[in-house]
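Protein chains: 2
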Amino acid sequence: MVPMIQFVHPNLEDISLASVLGALADPLRLRIVGNLLNKNDCMSCSEALPCPNMEKSTLMHHFRIMRETGLIPTEKVGLENRIVLRTFDIKMRFPGLLNEMMKYAIS
Amino acid sequence: MVPMIQFVHPNLEDISLASVLGALADPLRLRIVGNLLNKNDCMSCSEALPCPNMEKSTLMHHFRIMRETGLIPTEKVGLENRIVLRTFDIKMRFPGLLNEMMKYAIS
DNA sequence: TTAAATAGTTCATGAAATTTGTACTTTTTA
DNA sequence: TAAAAAGTACAAATTTCATGAACTATTTAA
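So the sequences go chain by chain: A and B. Going by the working numbering, the first sequence opens with residue 199, and the numbers climb by one from there. Going by the working numbering, the second sequence opens with residue 199, and the numbers climb by one from there.
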């Protein structure tokens with residue numbers, strides 16, 4: 199009997215600028231974050247698929263980076279993982295940063 | 199007789215947001231860029247040393263990343279490489295982005 | 001005018017991060 | 001109960017990162 203996976207998300211004060219920039223320093227992740235910001239709601243991983251023909255495991259990997267950075271909390275609901283952008287927290291910690299970046303991200 | 203090294207810097211329109219974020223997604227590079235922005239003048243590589251006991255070759259590596267991203271043109275003057283932040287260009291391409299990020303970078 | 005010092009580059013190596021394929025688990029639905 | 005759906009885990013191949021040692025080019029000093 200394998201224990202149920204629990205996701206761990208960093209505290210707000212442990213989120214560094216460099217790590218946020220690293221999490222966004224990839225066109226796919228930038229697009230996912232942009233989509234989440236526009237939608238202003240949660241998505242499943244598959245829904246957030248940023249481009250066709252992408253391996254699930256690769257997508258997984260990108261989600262893990264964003265989760266461990268603290269950008270995206272993940273919650274398991276039934277079959278799906280519901281992911282949301284931690285918008286409030288990020289705006290609290292780095293006001294203006296998200297909006298500024300999303301101005302220049304191509305969706 | 200080995201030819202003189204010529205640095206190549208990307209055009210403004212070839213600088214992508216993701217690559218800029220990638221170039222800044224490292225505390226050392228963030229600090230170097232912050233210093234250049236504050237100083238608003240050129241520096242030699244050694245002057246820009248972001249922390250003590252850092253290998254020259256490692257510093258090199260970071261400069262190369264920033265140069266190839268297009269953040270920092272390099273010009274050889276005598277013994278030194280003079281590096282400057284491409285502030286005008288970056289502000290042209292991504293207005294507000296640099297200032298926004300530097301608000302949260304710890305120098 | 002050679003010798004040493006300075007500033008930086010290059011290359012090889014090993015460590016870490018990315019991408020992907022395959023096999024697995026868990027939950028839902030037929 | 002079996003199959004499908006949504007993810008996860010692990011391993012291999014590739015790429016990027018950090019460092020040490022050896023190199024080049026320019027300046028300064030003997």
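Using N, Cα and C, we set each Cβ at its ideal position, and we do this for glycine too.
| query | result |
| --- | --- |
| CB contact check: L247(A) to chain B, cutoff 8 Å | no |
| Residues bridged to C274(B) (per DSSP) | Contrary to the premise, residue 274(B) reads as Lys rather than Cys in this sequence. Note: K274(B) sits in a beta bridge opposite N279(B). |
| Simplified DSSP state of S214(A), which is helix, strand or coil | coil |
| Chain-ordered chain A contacts of E298(B) [CB-CB under 7 Å] | G294, L295, E298 |
| Bounding residues of the alpha helix (DSSP H) (the contiguous stretch that carries L228(A)) | 225-237 |
| Rounded straight-line distance, which links the Cα of E298(A) to that of E245(A) | 25 Å |
| Integer-rounded CB distance, given that N279(B) should sit under 8 Å from S242(B) | 6 Å |
| Beta-carbon contacts of P293(B) that lie in its chain and below 7 Å, excluding the five residues immediately before and after | none |
| Chain-ordered neighbours of P225(B) on chain A, where CB pairs are closer than 7 Å | A216 |
| Residues within the segment 241-274 of chain B neighbouring chain A, beta-carbon criterion of under 8 Å | none |
| Proximity test, Cβ basis, 8 Å: G232(B) and chain A | no |
| Chain A within 8 Å of G220(B), Cβ atoms only | yes |
| Nearest residue (CA-CA) to I213(B), options G268(B), V282(B), A303(B), V275(B) | G268(B) |
| The segment 227-238 of chain B touching the segment 224-235 of chain A, judged by at least three CB pairs closer than 8 Å | no |
| Beta-ladder partner(s) of M241(B), from DSSP | I281(B) |
| CB contact check: G235(B) to chain A, cutoff 8 Å | Correcting the residue type first, residue 235(B) is Leu in the shown sequence and not Gly. With 8 Å as the cut-off, L235(B) does not count as an interface residue toward chain A. |
| Whole-angstrom distance between L215(B) and F205(B), CA atom to CA atom | 22 Å |
| For H260(B) and E253(B), the rounded distance between their alpha carbons | 11 Å |
| Backbone secondary structure at G220(A) - three-state DSSP | helix |
| Rounded separation between P237(A) and L228(A) - CA only | Strictly speaking, residue 237(A) in this sequence is Lys, with Pro absent from that position. If you take the alpha carbons of K237(A) and L228(A), they lie about 14 Å apart. |
| Length of the line joining the Cα atoms of I281(B) and E273(B) | 7 Å |
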